[in-house]
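> Pasting a structure here, questions to come.
There are 4 protein chains.
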Amino acid sequence: MSTDAQDTASTPTRIRRAAEEILAEGGYEALSMRKIASRIGLSQAAIYRHYKDKDELVGTIVAAGYAELVALVERLNEKGGSPAEILAHTVRAYVGWAEERPELFKALLLREVRPASAGVAGLAPGVARRRRTFGLLADLLARGMEEGLFARADPELTAQAVWTSIFGLAARLVLEGELPREHREALIERQVNIIVRGLSP
Amino acid sequence: MSTDAQDTASTPTRIRRAAEEILAEGGYEALSMRKIASRIGLSQAAIYRHYKDKDELVGTIVAAGYAELVALVERLNEKGGSPAEILAHTVRAYVGWAEERPELFKALLLREVRPASAGVAGLAPGVARRRRTFGLLADLLARGMEEGLFARADPELTAQAVWTSIFGLAARLVLEGELPREHREALIERQVNIIVRGLSP
Amino acid sequence: MSTDAQDTASTPTRIRRAAEEILAEGGYEALSMRKIASRIGLSQAAIYRHYKDKDELVGTIVAAGYAELVALVERLNEKGGSPAEILAHTVRAYVGWAEERPELFKALLLREVRPASAGVAGLAPGVARRRRTFGLLADLLARGMEEGLFARADPELTAQAVWTSIFGLAARLVLEGELPREHREALIERQVNIIVRGLSP
Amino acid sequence: MSTDAQDTASTPTRIRRAAEEILAEGGYEALSMRKIASRIGLSQAAIYRHYKDKDELVGTIVAAGYAELVALVERLNEKGGSPAEILAHTVRAYVGWAEERPELFKALLLREVRPASAGVAGLAPGVARRRRTFGLLADLLARGMEEGLFARADPELTAQAVWTSIFGLAARLVLEGELPREHREALIERQVNIIVRGLSP
DNA sequence: AATGAATGAGACTTCATTCAT
DNA sequence: AATGAATGAAGTCTCATTCAT
Chain A
5 MSTDAQDTAS
15 TPTRIRRAAE
25 EILAEGGYEA
35 LSMRKIASRI
45 GLSQAAIYRH
55 YKDKDELVGT
65 IVAAGYAELV
75 ALVERLNEKG
85 GSPAEILAHT
95 VRAYVGWAEE
105 RPELFKALLL
115 REVRPASAGV
125 AGLAPGVARR
135 RRTFGLLADL
145 LARGMEEGLF
155 ARADPELTAQ
165 AVWTSIFGLA
175 ARLVLEGELP
185 REHREALIER
195 QVNIIVRGLS
205 P
Chain B
5 MSTDAQDTAS
15 TPTRIRRAAE
25 EILAEGGYEA
35 LSMRKIASRI
45 GLSQAAIYRH
55 YKDKDELVGT
65 IVAAGYAELV
75 ALVERLNEKG
85 GSPAEILAHT
95 VRAYVGWAEE
105 RPELFKALLL
115 REVRPASAGV
125 AGLAPGVARR
135 RRTFGLLADL
145 LARGMEEGLF
155 ARADPELTAQ
165 AVWTSIFGLA
175 ARLVLEGELP
185 REHREALIER
195 QVNIIVRGLS
205 P
Chain C
5 MSTDAQDTAS
15 TPTRIRRAAE
25 EILAEGGYEA
35 LSMRKIASRI
45 GLSQAAIYRH
55 YKDKDELVGT
65 IVAAGYAELV
75 ALVERLNEKG
85 GSPAEILAHT
95 VRAYVGWAEE
105 RPELFKALLL
115 REVRPASAGV
125 AGLAPGVARR
135 RRTFGLLADL
145 LARGMEEGLF
155 ARADPELTAQ
165 AVWTSIFGLA
175 ARLVLEGELP
185 REHREALIER
195 QVNIIVRGLS
205 P
Chain D
5 MSTDAQDTAS
15 TPTRIRRAAE
25 EILAEGGYEA
35 LSMRKIASRI
45 GLSQAAIYRH
55 YKDKDELVGT
65 IVAAGYAELV
75 ALVERLNEKG
85 GSPAEILAHT
95 VRAYVGWAEE
105 RPELFKALLL
115 REVRPASAGV
125 AGLAPGVARR
135 RRTFGLLADL
145 LARGMEEGLF
155 ARADPELTAQ
165 AVWTSIFGLA
175 ARLVLEGELP
185 REHREALIER
195 QVNIIVRGLS
205 P
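Residue numbers (the numbering used here), protein chains in the order written: chain A, 5 to 205; chain B, 5 to 205; chain C, 5 to 205; chain D, 5 to 205.
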């Protein structure tokens with residue numbers, strides 16, 4: 005968020021940034037300690053002073069990316085509007101974020117979730133209490149149900165179903181890359197439309 | 005599960021099977037010619053008699069997996085029923101298939117699509133003509149629209165939107181692994197419900 | 005020399021031809037039994053029916069190439085003319101042959117000579133008796149000396165010295181590849197001139 | 005021969021030495037990173053810390069060899085004497101150097117010259133300006149021409165013709181290996197004689 | 001806090017050759 | 001006379017990580 009000059013940033017930050025750059029340029033497979041080190045003019049060994057191992061480094065990046073995504077969703081919820089509007093905005097914002105940072109999205113969401121409870125797992129029951137985004141989404145849906153805008157149903161379960169839909173769209177867009185702008189937008193709107201209508205009473 | 009008799013199978017088959025096993029156990033990153041060879045007690049070089057290189061081997065596996073999926077969808081469409089029923093069956097079958105062969109699903113659908121036109125790309129315009137599954141899905145939706153069951157809209161675009169939803173659900177289930185059976189089913193039904201209602205006029 | 009149709013030629017011949025083609029296209033390093041076999045639609049193992057091993061195959065090719073070169077030099081000597089003229093023609097023909105079949109030239113002359121006595125070794129004493137080309141060259145020089153055209157000296161030693169000069173020119177032309185036509189010719193003529201004048205009394 | 009103490013030398017030096025040894029024993033084809041590593045009791049990967057890849061390692065060796073050769077020729081030109089004498093000394097020194105370091109000579113001069121302009125290419129026009137040895141040789145010949153010792157001709161072209169002759173002699177001596185000392189010397193002197201007389205007015 | 005050096009494992013691929021059929 | 005299958009060795013290179021300084 006803060007745009008420090010690269011040279012004055014702390015070493016861990018510079019490492020993280022370099023890693024993100026490489027991730028963005030060449031994908032996860034291209035990310036190696038060697039490349040990170042050479043990009044910031046540091047020895048490979050130096051990285052281990054700041055991050056226990058590659059897993060920890062990747063973990064940090066992923067966590068930061070996740071926080072970004074959470075902030076994005078929070079902001080939308082604070083802006084106000086009808087639940088359906090907020091939902092539509094959220095879909096667009098989520099997809100847009102994925103397309104802007106495709107490699108981060110992949111690193112974040114297209115990887116195995118080791119212990120099912122940890123990380124970005126979103127399908128387990130009770131997730132609305134543990135994960136901020138799901139809590140917000142479930143609350144939003146619950147409000148819509150109370151207002152008679154959406155059909156009554158389990159808000160958490162519904163949040164999960166909606167999320168998998170959005171996630172699927174974002175994932176395909178990221179994985180398939182370039183698509184005609186017009187078609188891409190039509191697709192998003194069609195999806196938004198199906199979801200919103202699908203929730204209606 | 006069903007066709008054992010590993011020792012009597014042809015070498016290419018044994019190679020393919022070993023590759024799928026490794027894929028299933030450790031994911032794509034774990035797949036190496038070395039491991040395949042040692043697993044079936046063959047020299048590394050021997051593999052190259054049967055598959056030009058790693059790409060060809062993976063390609064064969066992926067193609068077979070895709071064919072399986074196509075056959076599955078075709079069978080459902082032939083069985084008859086209302087478009088909404090067929091659609092619901094398709095979602096369940098697709099998700100079920102993904103969960104049964106998680107690593108194949110990942111190898112097939114969670115990888116980058118290099119030239120957007122090739123491979124499993126599903127979002128490009130005109131895909132209904134090129135890809136059997138999309139053609140079937142678009143036809144199904146068109147029929148539903150004609151019958152007044154679904155709201156009128158571009159069938160291909162709608163097929164793509166529906167597919168990304170289903171794909172998203174399958175992908176999350178595969179990536180997150182174990183989930184309570186009951187919850188898993190509730191989730192699928194909720195998703196089916198949203199999609200079908202989302203399409204209704 | 006005889007231009008048989010490839011299909012009717014004997015298998016050993018087809019093998020040899022394929023090997024020469026590969027040699028010409030990609031150099032010695034590119035020559036492999038696998039490539040030869042695939043080029044003529046034969047199994048690798050089949051080659052071993054006709055040639056004991058790679059060495060024998062290469063040996064055969066080299067021998068044939070050498071015979072070609074010998075025939076070339078013989079023809080020039082039979083055509084008549086003054087020794088100086090024949091010598092000049094020989095230089096031009098030798099260099100021209102090398103440039104026409106660069107890979108054969110390299111396989112023939114730019115490789116180690118294992119037992120110093122064998123193969124294409126040309127510097128050992130007595131070579132004029134053992135090797136046809138050297139015999140011809142030495143005879144030519146001897147005739148020139150008798151005619152008072154060339155300064156008197158050991159004909160064999162002189163033949164060797166002259167040959168290394170020509171060989172050096174041919175080798176450099178082959179190794180350095182493309183050169184402006186004009187410059188190439190000027191270079192050859194300059195070399196011919198130096199040699200002929202260098203032999204003059 | 006002179007600077008032993010292999011154990012105390014720096015790793016890059018030890019790598020280079022091992023490479024040269026292997027080159028000397030088995031030629032370029034025998035040179036492999038594996039062999040180098042095992043010879044100095046290092047892991048293969050360790051070599052890559054000191055040389056980017058095989059090309060860089062070979063390049064370093066070749067460059068050093070070339071520098072050696074240049075220094076040799078320079079020294080002879082500085083020692084003084086008549087152009088004919090210097091030329092004769094140069095031929096002897098060049099051939100002697102080739103015989104002392106046969107594998108280096110082969111690695112340096114018996115390899116393909118990829119882009120005709122680069123590397124050790126000597127036949128292209130204008131080489132006298134680009135390559136120190138050729139410049140020296142051309143200057144030497146020009147001086148001889150001015151002094152009326154050599155017939156007037158293009159000095160660069162003449163230098164190239166002379167060089168190919170010398171190169172041819174050195175190459176054959178290196179390729180054919182052992183030769184009776186006496187015969188070898190007679191051969192060199194005969195070649196020197198032909199060249200010097202060939203240049204005379 | 002950082003470095004240079006090294007490691008061991010592993011990646012894919014190609015080679016000449018052999019053997020049973 | 002030929003094939004398909006297999007082998008063992010070798011090739012270059014990259015990786016995450018460790019350790020002494």
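Every residue, glycine too, gets a C-beta built ideally from N, C-alpha and C.
(1) Tell me the DSSP secondary structure of Phe154/A in three-state form.
(2) Please say whether Leu177/C and Ala102/C have beta carbons closer to each other than 8 angstroms?
(3) Mind pulling the chain A residues with CB within less than 8 angstroms of Phe171/B?
(4) Would you list, in chain order, the members of the stretch 148 to 168 of chain B that have their beta-carbon closer than 9 angstroms to a beta-carbon of chain A?
(5) I need the straight-line Cα distance from Gly100/A to Ala75/B, nearest angstrom please.
(6) For Val196/A, which residues in the same chain have their Cβ closer than 6 angstroms to its Cβ, ignoring the five residues on either side in sequence?
(7) Give the straight-line distance between the Cα atoms of Gly30/C and Trp167/D, rounded to the nearest whole angstrom.
(8) Quick one, are the C-beta atoms of Leu127/C and Gly69/C less than 8 angstroms apart?
(9) In angstroms, rounded to a whole number, what distance separates the CA positions of Leu145/D and Pro87/D?
(10) So, using beta-carbon positions, are Pro159/C and Pro129/D closer together than 8 angstroms?
(11) List, in order along the chain, the chain D residues whose C-beta lies closer than 7 angstroms to that of Leu191/C?
(12) Throw me the rounded Cβ distance for the Phe109/B and Ala174/B pair, which I believe falls under 8 angstroms.
(13) For Lys58/A, which of helix, strand or coil comes out of DSSP?
(14) Going by C-alpha to C-alpha distance, which of Leu203/D, Ser204/D, Ile170/D sits closest to Ile192/D?
(15) For Gln48/C and chain D, any beta-carbon pair shorter than 8 angstroms?
(16) In angstroms with no decimal places, state the Cα-to-Cα distance between Ile3/D and Ala28/C.
(17) Between Gly202/C and chain D, is there a C-beta pair that is closer than 8 angstroms?
(18) Output yes if chain C places a C-beta closer than 8 angstroms to the C-beta of Arg187/D; else output no.
(19) Where does Ile182/C fall in DSSP's three states?
(20) Among residues of its own chain, excluding the 5 on either side of Met5/C, which ones have a beta-carbon nearer than 6 angstroms to its beta-carbon?
(21) Can you give the Cα-Cα distance for Glu72/D and Tyr32/C, rounded to whole angstroms?
(22) Of the choices Val66/A, Ile19/A, Ala34/A, whose alpha-carbon is the least far from that of Gly45/A?
(23) If we call anything under 8 angstroms between Cβ atoms a contact, is Val77/B one with Leu140/B?
(24) From the DSSP output, in three-state form, read off Lys83/C for me.
(25) When you compare the CB of Ile44/A with every CB in chain B, is at least one pair closer than 8 angstroms?
(26) Start and end of the alpha helix (DSSP H) containing Ile206/B?
(27) Whole angstroms is fine: what's the gap from Arg3/C's alpha carbon to Arg79/D's?
(28) Just how far apart, CA to CA, sit Ala157/B and Arg43/B?
(29) Of all the options Leu179/B, Glu180/B, Ala190/B, Glu24/B, which has the alpha carbon lying nearest to the alpha carbon of Ala67/B?
(30) Span of the alpha helix (DSSP H) holding Arg20/B?
(31) Give me the Cα-Cα distance between Thr15/B and Arg53/B, rounded to the nearest whole angstrom.
(32) Assign Arg135/D to one of two classes, buried (16 or more other C-beta atoms within 10 Å of its C-beta) or exposed (fewer than that).
(33) Along chain D, in chain order, which residues have C-beta atoms closer than 7 angstroms to that of Leu114/C?
(34) In whole angstroms, what separates the C-alpha of Ala50/D from that of Leu35/D?
Answer, in terms of the structure:
(1) In the structure shown, Phe154/A falls within a coil segment according to DSSP collapsed to helix, strand and coil.
(2) Between Ala102/C and Leu177/C, the C-beta spacing is below 8 angstroms.
(3) Here the neighbours are Gly172, Ala175, Arg176.
(4) If the cut-off is 9 angstroms between Cβ atoms, the stretch 148 to 168 of chain B has Ala155, Ala157, Asp158, Leu161, Thr162, Gln164, Ala165, Val166, Trp167, Thr168 near chain A.
(5) Cα to Cα, the separation comes out at about 34 angstroms.
(6) Result list for Val196/A: Ala92, Val95, in chain order.
(7) Between Gly30/C and Trp167/D, the alpha-carbon positions lie close to 28 angstroms from each other.
(8) Between Leu127/C and Gly69/C, the C-beta spacing is not below 8 angstroms.
(9) Answer to the nearest angstrom: the Cα atoms are 7 angstroms apart.
(10) Going by beta carbons, Pro159/C and Pro129/D fall outside the 8 angstroms limit.
(11) In chain order: Leu127, Leu161, Gln164, Ala165.
(12) Between Phe109/B and Ala174/B a beta carbon distance of about 7 angstroms is seen, short of the 8 angstroms cut, so the two are scored as contacting.
(13) Here Lys58/A sits in helix by DSSP.
(14) When each option's Cα is compared against that of Ile192/D, the closest is Ile170/D.
(15) It does not; no Cβ of chain D falls within 8 angstroms.
(16) Nothing in the structure corresponds to residue 3/D, since chain D is present only between 5 and 205.
(17) Yes - at least one Cβ of chain D is within 8 angstroms of the one on Gly202/C.
(18) Here residue 187/D is His; the residue named in the question, Arg, does not match the sequence. Chain C contact via Cβ: present.
(19) Residue identity check: residue 182/C is Glu in the sequence provided, not Ile. Note: Glu182/C maps to coil in three-state DSSP.
(20) With a pLDDT of only 40 at Met5/C, under the threshold of 50, the placement of this residue in the model should not be trusted, and no figure is reported.
(21) Their Cα atoms are separated by approximately 29 angstroms.
(22) Selected option, being the one with the closest Cα: Ile19/A.
(23) Result yes, Cβ atoms of Val77/B and Leu140/B sit closer than 8 angstroms.
(24) Residue state for Lys83/C is assigned as coil, using DSSP reduced to three classes.
(25) No - not a single Cβ of chain B is within 8 angstroms of the one on Ile44/A.
(26) Examination of residue 206/B is not possible in this model, given that chain B is present from 5 through 205 alone.
(27) Outside the modelled stretch of chain C, which goes from 5 to 205, sits residue 3/C, for which no answer is possible.
(28) Rounded to the nearest angstrom, the gap between the Cα atoms of Ala157/B and Arg43/B is 52 angstroms.
(29) When each option's Cα is compared against that of Ala67/B, the closest is Glu24/B.
(30) Unbroken alpha helix (DSSP H) run through Arg20/B: 15 to 30.
(31) Roughly 10 angstroms separates the two Cα atoms.
(32) By the neighbour-count criterion, in which a residue is buried when 16 or more other Cβ atoms sit within 10 angstroms of its Cβ, Arg135/D is buried.
(33) Counting only Cβ-Cβ distances below 7 angstroms, Leu114/C has contacts in chain D at Leu114, in chain order.
(34) The alpha-carbon of Ala50/D is positioned some 17 angstroms away from that of Leu35/D.
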